[in-house]
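*Asks:*
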Amino acid sequence: MGNLLNIYRRECAAYFNSPIAYIVIVAFLVFMSFLFFLFFGFFSQPDPDVRPYFDPLLPFVSIIFIPAITMRLWSEEKKQGTIELLMTLPMKSWEVVLGKFFAAYSVLAVMLLLTITIPLSISWVVDGLDWKAITSMYIGALLISAIYVALGSFVSSMTENQIVAYLVAVVLTAILCLAGFPRVIEWANDNLWGIGEYFGKFGTFFHYQYFVRGLFNLVDVVYALSVTALFLILNNVAVEGRKF
Amino acid sequence: MIDVRNIYKRYGATVAVNNVSFQAKQGEIVGFLGPNGAGKSTTLKILTCYTVADSGRVTVAGHDVLEQALEVRRSVGYLPENTPLYPEMRVVEYLRFMARARQIDPKAISSRVEEIVDTTGIRPVMKKNIGHLSRGYRQRVGLAQALIHDPPILIFDEPTSGLDPHQIIEIRNLIRELGKKKLVLFSSHIMQEISAICTRIMVIKAGKLVANGTPQDLMRTVLGGGTFRVRIGSDGADVSDALKRIEGVTEARQLERANGAAEYQVRCASGRDIGADIYRLASESGWVLSRITADEASLEDVYLELTAA
Amino acid sequence: MADSREYRGRFWITSGVFVAILVATIILLAIVWEGLSRYKLDFTRDGLYTLSEPFREILGGLEDRVIVRYYVSEEVPSVLLNLRRDTEDMLAEVKTLSGGRVEFQVLHPEQEAKKEARRKVEEYKKAKEENRALDDLEPKARESFQDLLMGRKKKTPAEIRTARKQRAAAYASKAGRDAVEVELEMLADEYEQTYLDNLTEEGIVPRRFQEQRGSSIQEVSFYSAMEIRYRNREPEVIPFYYQLDGLELELAQRILKLTMPSKPVVAFFDGRAPEDRPPPDPFNPRPQGPQSDYQGLIDQVLRRFFDVRMIALKEGDSIEDLEKRLAEEKSEGDDADAGPKKISCLIVAQPDNLEERQVYEISRAISRGIPTIMLVSRHSINTSEGPASGWPLSFINPGAAFDDLLKSFGIELHRNVLGSNVHTSFLARVQRQVFGVMDQPYPFYCAVLATARDDLIAEDHFLLNRIQGLAFPMTNGMTIDAKALEKTGATVERLAWTSPETWAVEVSPFSRGSFGRGASPSSLMQNYLDELVQDQKRPEKTGTDVTFIDRKELAVLFKGRLPFFWQGKEIPEWKKEEKTDDDPDGPTGGAGPAGPQEAGPEDAGTAGEPAPAGEESAAGPEAPAAPDGAATDQPEIVTPPAERPRAELEPSAEGQLLVLASTDAMKDVFLSLQRQVAAYQFNLRFFQNAIETFGLGRQLIEIRRKQLVDRRFVDATEGKQAMILVINLGLVPLAVVAFGLARYLIRRRDASAYERQMTES
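Chains A, B and C are the protein sequences, given in the same order. Each residue of the first sequence is one higher than the one before, counting from 356 in my numbering. Each residue of the second sequence is one higher than the one before, counting from 21 in my numbering. Each residue of the third sequence is one higher than the one before, counting from 740 in my numbering.
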C-alpha cells in the first residue's frame, strides 16, 4: 500500500509539475465548453439540459483526451530507461501498475470535476435541473472513464513511443466506446447478421447511456469495474511478462 | 553473496548469456568486462531481477532471484546503464521517492537523504530539476539513489561512461571506498578503471565467461611467460626466423627498423629466461645486439587477447 | 540445472486465470444484462424509470412476446426534442423489466413508407414482366373526397392503371423523360401514400408543428405513436403522444388489455332504453330495433375491447341474473385458462324513473365492489334534429329512490341546467338554401366545459391522463358533502368542476305546460338558446339577468367502502307487470323511499365502520349470503309481506363509483362531433380510460401519472448568457492555468533561493 501510494504520488507530481496535465485539462475544458455552448447553441435550445454534455459530447471528446493523459505512463519510462530502475525497486509490479493508473485517473477526475461549473453556472438561468440525475451522469462518466484510462495505460506499456501509444489508444477506445453506441448496434443488427444486440453490450457506451439517463445500474457498475480490472491485469502482464 | 550457476538467456535467436557461472563475496570489487553486446548488461539485469534467466540458478545475498525477488532487490543498489533518471523531478524529490521505494523507515528518510547528498557531493544541486543537471551530477544522483538504502551489494552498469577523467577518478575512489565493506559489481569496457580498482575481473565474450580472477592471475594465465624487446642490427638477415628457432620462443615479430637495426618483440613461454639465448644467438650470428628489455605485460593485452575474434 | 520454466509457467497461469475470470464475467454480464439490470437506483428526480409495482407485475406476468412499435418521425420538432430519446429510454426500461418479453422497434414512418414503396414497385415490375394479374398489387388508393361528394363510382384497378399511364405519358412527354419510369415513380408515390394511409387507418396520424427553419417558419408533420401487438390479436394503438409522464399508464393499459384471456364484461344499463328491446341473448348480443342513445359508443368503442352486456335491471335481468349467466358461460368453458367471468364494470346511463328495486340493485352492486359509472342529469337535448324541427329537450327524472341513493353518497344533483362562459359548441343542423341541410357549429353555453387550462379538472388524476378538457352538455351540476362519506372510509376525488362564471337556468317541465319525457319544448329553450346560442352573445352583454353560482362538481370519483343504502332495510320487490297485478302490497309507494331517505346514510355509516380493514373484497358479498343469502338472491320465494327479508351487506373496501353529471356527455349525438370539437374526443377518451381502469383491474389505478418537472430558461438575459460563457470558456480554464503557473513559480523561487544560498556559502 505504501509502495502504491509512493508511485501514485510520484506520478501525480509528474503530471502536475510538468505542463502535460494543465495542457490536457485546459484544452478539454475549452473544447467541451465551446462545443456545448457555442457549437451546439445551448442557449437556443428549447430544453436546456446538461445531458447533451454527457451524451453525446463527453464520450467522443474523451476518446481524444484520455489517451493524451495515459500515453506517457509507461512509454516515457521505457524511452528514458527509468523502467529499469522502477522495475528493480522492491515492489510488486501490480503496485506500480495501480499507482500509475490511479494517478492518471486522478488527472481525469480533476478534469471531469472541473466541469461541474457548467451545471452550476447554467442553473443560474435554468429552472428544474435534475441534480440527482446529474450526479448519476458524473458517476457514470467517472466509472466508464476508468476503463479508458486502464486501456490507455495498457497500450502505453506496449510501446516506448508516446505518439504510437496515443494513436493506438484512441483507436481502441473509440472501438470499445462505439461498439455500444445505439446507432452502431442498430447498424450491426441490420448489416452484420444481427450481432449488434450481443456485441453492443461489450461496448462502454451501452452501459454509459444508462448512467446518463439517471439510472444507476448495478450491472453497469460491475461491468465498468470488470473491464477496468481486465485492462489493468493485461497491463500487469505486459509489464511483468517483459521479464521473460 | 552472489552465486550464479549456469545461467542461460536468449533473446529470440541471439544467445545473450550462455552458461555463465561465478561467485562473489563481500569486500570484493568485481569488474565485469566485455565488448558491447557481450552479455554484461543482461547478466546484471538478471542479478537485479529486472529480467529472468531462461535457466540456471542465481542467488543474491542468499535469496533466490525468482522466488524472493523483493528481498534480492532490497539488498541490491543498482545503477543501470546510461543512468536513467526522471528529468522533471528535483534531486531531493527523486531521492526521497527512491528512499521510500527502497522502504527506508519514513522517519529516517530525511537524515538518510542528507547523508547521501554529502557522500556523493550533490548538495549544491539538491533543488534542481534532474533534467537540468550536468552529466557528472546526473551520475552522482544515480549513485546516490543506489546507495540510499545502504545495500550490501552494489551493481553498477557502466558507471563511468561519458564522464570526464576527473569525474571518473572520483567515481573510482567512491567505488574503492565502497568496496571495503560491500560487494561492488560493475561493468565497463574500459580496461584502465577495471585494472585500477578491481580485486577481481570477469571477462565475458559472446555470452560466455572467458576469464575470471585477479588481474595478476589473469595476466599469468592468459599471457603466460614474458615478452622481450630486442634491438638487433643485422645486414638484412632473417632475424625473426632465427629468434623463433630459440627454444621456448612462441612468437617473434619485427616492430620497426631504423639505421640498419630493427626492433623485435619476442614472446616466450613461462619459466624460461631467454635473454641469454638471444644474446648467444646475436653474437653467434655476428649481429649487433644493442638493447634487450623485458616488456611489462598490460591488462589491455589480456583483454584484447581474450576478446579477439 | 535449475529452470525458470516453472516460475514463468506460474506467472502465465495466474495471469491467464485472472484474465479468463474477468473475460467470463464480462461475457456473462452481457448475457444476463437484461435480467440483472433490475438491480438499480433511479437517480432521476422524477423517478422516470421507476416503473410502478403494478406495471412491473403486469410485465412480469406476460406469457408471450409483446411487440411495441414506436412510430416516430426521424425529424423531431424542437419543442419535443427529447421525446424520442426519453421514449426509447423508457421502452428500453420496459424491455428490461419484462425480461425481454416486451420487444420494441423504432420505426420512422416516412422511411418505412419509402422502403415499402420500393419493395412494392419491384414486385409490381416483376409481376408485369411475368404477365401476372396486377389488380391485387394496385395501391389501395383512398377514395378521393371529391369523388365521394359527387357520388362517383369507385374506379376499378384497371381504370386507375390506365389513368396513371396517361398521366405519366403526359408528364413524360412534357419533361422529356421515359414514360415507364415516370409511371413507376408515380406508382411508388402511391404505394408510399398507401402505407401512410394504412397507418392512419390504424390511428397512427402525424401532427403538424411550426418549425423555425433559418429565417422562415415551416410546418413539419411529426409522428409519435405506438402500436402494441400481442399474438395475433388486433393491435392496440397509442395514436399520438408527446408527454412521457403518462406513457407508463397507457402502455400498461394497452398491454393488459391485449394480453387478457377474455374481454372484460361490462354491464350497461340504459335508463331510457327502447322499450321493445328483445330479451338479452348471449348468442346474438346486438339488439334489434330502436337503438339506445349510446349505441354508437357501445358498438364502435366499447365492444372492441369489452364484452358489453346490456342489462335492463328487471326481474329476470338483474345483476345476479347476469352473473349467473356469466358463471354458466364459464362452466361451459370455452377458455379453460380464463378466471371466472365477472362483471368488471357497471354503467348506469341516464337513470330515468327508476323503481326502488332497480336502485337497490345498483346500490348493492356498488357496495359489493363492482366498479360503477353513472351518467346522471335531469335534462337532455337532442341536437341531431336541429332548431328547424325544434330543439328536442327532454326531462329526465331519475326517481326519488335514485336521488336518495345519490344523497347517501353525499351527492346532491341540482335541478337547473348550467350555462357557462367556459363552454364548447355543438353542431346544429341548419337548412341552407343552396346546399341543403348542413351541420354548423354553434357555441353552446349549456355544454359546460371543464378544462385543464382554466384549472377546472384534476389534471394529475390518473383517469384524466393527458385529457385537457371535458364537456358536460346539459349538466345540472352536483354538490358533494364528503364528510359523511369519508367517515365510512371511502374517499372522494373531484375530477371536474365548473368555472366561476357559471350560471343556472331554470328549465321546468311545468313552465310552459309541456312536460314528460320526449317532449320537444322548443319554445322553452328559446328563453336562453335564442340569446345565448343563436345570437352568439355572452350573457353579460345581452342584459340577461345572470347570477353566477358557486362551484359545482361535474365529475366525482368515490373509492373505498361505499355504504350500502339498503343496509338492514327491507329488500324492495320487483314492480309487477300491470297484467299480473295480484299483489296487494304495491311494491312502490310514497313510504318506500321516504324511509331510507332519512335513515340511509346513518345506517350505511354504522354498517361500514366495524368492518375490518384488511378484509378481502370477496368477503363483502359472500358474508351476508349465509344468514339470508337465499332471500337476497331469490326475493320471489319470500312472499309474506310482513316478513320481507332485510338486506345485509358488508360493503367491499374496493368500491369505485364514478359519477358524471351529464347524460349527454357520452351520447352518440355529441360524441359524433369529436372530429370537429376536441372536447368530445376527450370525453370519449376519459370514458374509455375509466372503463378500462375499472375493467382491467386494480393494477392500473395504482399506476400514477408521473410528475415531470420541466426544465426551462428563467430570466436568461444576454448578460447572464455571456457571463456563463465567460465563466466556462474563460475563467475556469484560466484558473487552471493560473494554478499551474503559481505552482511553477513557487517551485522556481524556492529552487533559486536555495541555489543562491549554496553559492554564497
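Cβ coordinates follow ideal geometry from the N, Cα and C atoms, glycine included.
Give a yes or no on whether the C-beta atoms belonging to F750(C) and F586(A) are separated by under 9 angstroms.
*Replies:* Not a contact, by the Cβ cut-off of 9 angstroms.
*Asks:* Comparing alpha-carbon positions, which option in F571(A), I362(A), L467(A) lies nearest S491(A)?
*Replies:* F571(A)
*Asks:* For V1453(C), count the other beta carbons within 10 Å of its own beta carbon; 16 or more makes it buried, fewer makes it exposed. Which is it?
*Replies:* Flag for V1453(C) reads exposed.
*Asks:* Taking all protein chains shown into account, do 16 or more other C-beta atoms lie within 10 angstroms of the C-beta of N279(B), making it buried, or fewer, making it exposed?
*Replies:* exposed
*Asks:* Distance check for D875(C) and N712(C), CA to CA, integer angstroms please.
*Replies:* No answer is possible for residue 712(C): it lies beyond the span of chain C, which begins at 740 and ends at 1500.
*Asks:* Quick one, which residues of the region 58–75 of chain B are near chain A if we go by CB-CB under 9 angstroms, in chain order?
*Replies:* K65, T68, C69, Y70, T71, V72, D74
*Asks:* Tell me the DSSP bridge mates of Q1395(C)?
*Replies:* K1298(C)
*Asks:* Tell me, please, which residues DSSP counts as bridged to R1486(C).
*Replies:* According to DSSP, which records beta bridges pairwise, R1486(C) is partnered with nothing at all.
*Asks:* Buried or exposed for G151(B), going by 16 or more other Cβ atoms inside 10 Å?
*Replies:* exposed
*Asks:* The alpha helix (DSSP H) that contains T1214(C), what's its start and end?
*Replies:* It is not in any alpha helix (DSSP H) - T1214(C) carries neither H nor E in the DSSP assignment.
*Asks:* Output, in chain order, the set of chain C residues within a Cβ distance shorter than 9 angstroms of L384(A).
*Replies:* N1467, L1468, V1471, P1472, V1475
*Asks:* Can you tell me the Cα-Cα spacing of E989(C) and I977(C), whole angstroms?
*Replies:* 7 angstroms
*Asks:* Touching or not, the region 1305–1315 of chain C and the region 1398–1408 of chain C, by the rule of three or more beta carbon pairs under 8 angstroms?
*Replies:* no
*Asks:* DSSP on D917(C), reduced to helix/strand/coil?
*Replies:* coil
*Asks:* Distance check for E283(B) and E271(B), CA to CA, integer angstroms please.
*Replies:* 14 angstroms
*Asks:* According to DSSP, is F1084(C) part of a helix, a strand, or is it coil?
*Replies:* The amino acid at residue 1084(C) is misidentified as Phe; the sequence shows Cys. Here C1084(C) sits in strand by DSSP.
*Asks:* Secondary structure at F371(A), three-state DSSP: helix, strand or coil?
*Replies:* helix
*Asks:* Helix, strand or coil for N26(B), going by three-state DSSP, please let me know.
*Replies:* strand
*Asks:* Compute the distance between the beta-carbons of L836(C) and Y810(C), then report whether it is under 9 angstroms.
*Replies:* no
*Asks:* What residue from T583(A), I588(A), D575(A) has the CA that sits closest to I770(C)'s CA?
*Replies:* D575(A)
*Asks:* Count the CB pairs spanning the region 158–177 of chain B and the region 127–146 of chain B that are closer than 8 angstroms, and state whether there are at least three.
*Replies:* yes
*Asks:* Can you grab the Cα-Cα spacing for the pair E987(C) / F794(C), in whole Å?
*Replies:* 8 angstroms
*Asks:* Candidates M999(C), V1475(C), E1494(C): which alpha carbon is nearest E1431(C)'s?
*Replies:* M999(C)
*Asks:* At a CB-CB cut-off below 9 angstroms, which residues of chain A make contact with F248(B)?
*Replies:* Result: empty, since nearest Cβ-Cβ is about 48 angstroms, beyond 9 angstroms.
*Asks:* Using the three-state DSSP reduction, which class does S207(B) fall into: helix, strand or coil?
*Replies:* strand
*Asks:* Note down, in chain order, every chain A residue with its Cβ under 7 angstroms from the Cβ of R871(C).
*Replies:* Within 7 angstroms Cβ-Cβ: nothing; R871(C) doesn't reach chain A, min ~31 angstroms.
*Asks:* Using only CA atoms, which one of D1009(C), H1162(C), K1080(C), F1303(C) lies nearest to E1240(C)?
*Replies:* Per the Cα distances, H1162(C).
*Asks:* Within the same chain, show all residues whose beta-carbon is closer than 6 angstroms to that of V85(B), passing over the 5 residues directly before and after it, in chain order.
*Replies:* C69, V78, V92
*Asks:* May I ask you to report which of helix, strand or coil DSSP gives S154(B)?
*Replies:* coil
*Asks:* I'd like the list of long-range same chain contacts for A866(C), defined as Cβ closer than 7 angstroms, with 5 residues on each side in sequence excluded.
*Replies:* L873, L876
*Asks:* Thinking just about the alpha-carbon of each residue, which of L580(A), F371(A), N546(A) is nearest to the one in E108(B)?
*Replies:* Out of L580(A), F371(A), N546(A), F371(A) has the C-alpha closest to the C-alpha of E108(B).
*Asks:* Quickly, what does DSSP pair W1242(C) with across the bridge? List them, please.
*Replies:* W1242(C) is bridged by DSSP to G1158(C), F1287(C).
*Asks:* Can you say whether Y930(C) is buried or exposed, counting buried as having 16 or more other CB atoms within 10 angstroms of its CB?
*Replies:* Classification of Y930(C): buried, given that the 10 Å Cβ count is 16 or more.
*Asks:* Look up S1500(C) in the DSSP assignment and say whether it is helix, strand or coil.
*Replies:* Coil, per DSSP.
*Asks:* Between V577(A), A534(A), I499(A), Y377(A), which has its C-alpha nearest L413(A)'s C-alpha?
*Replies:* I499(A)
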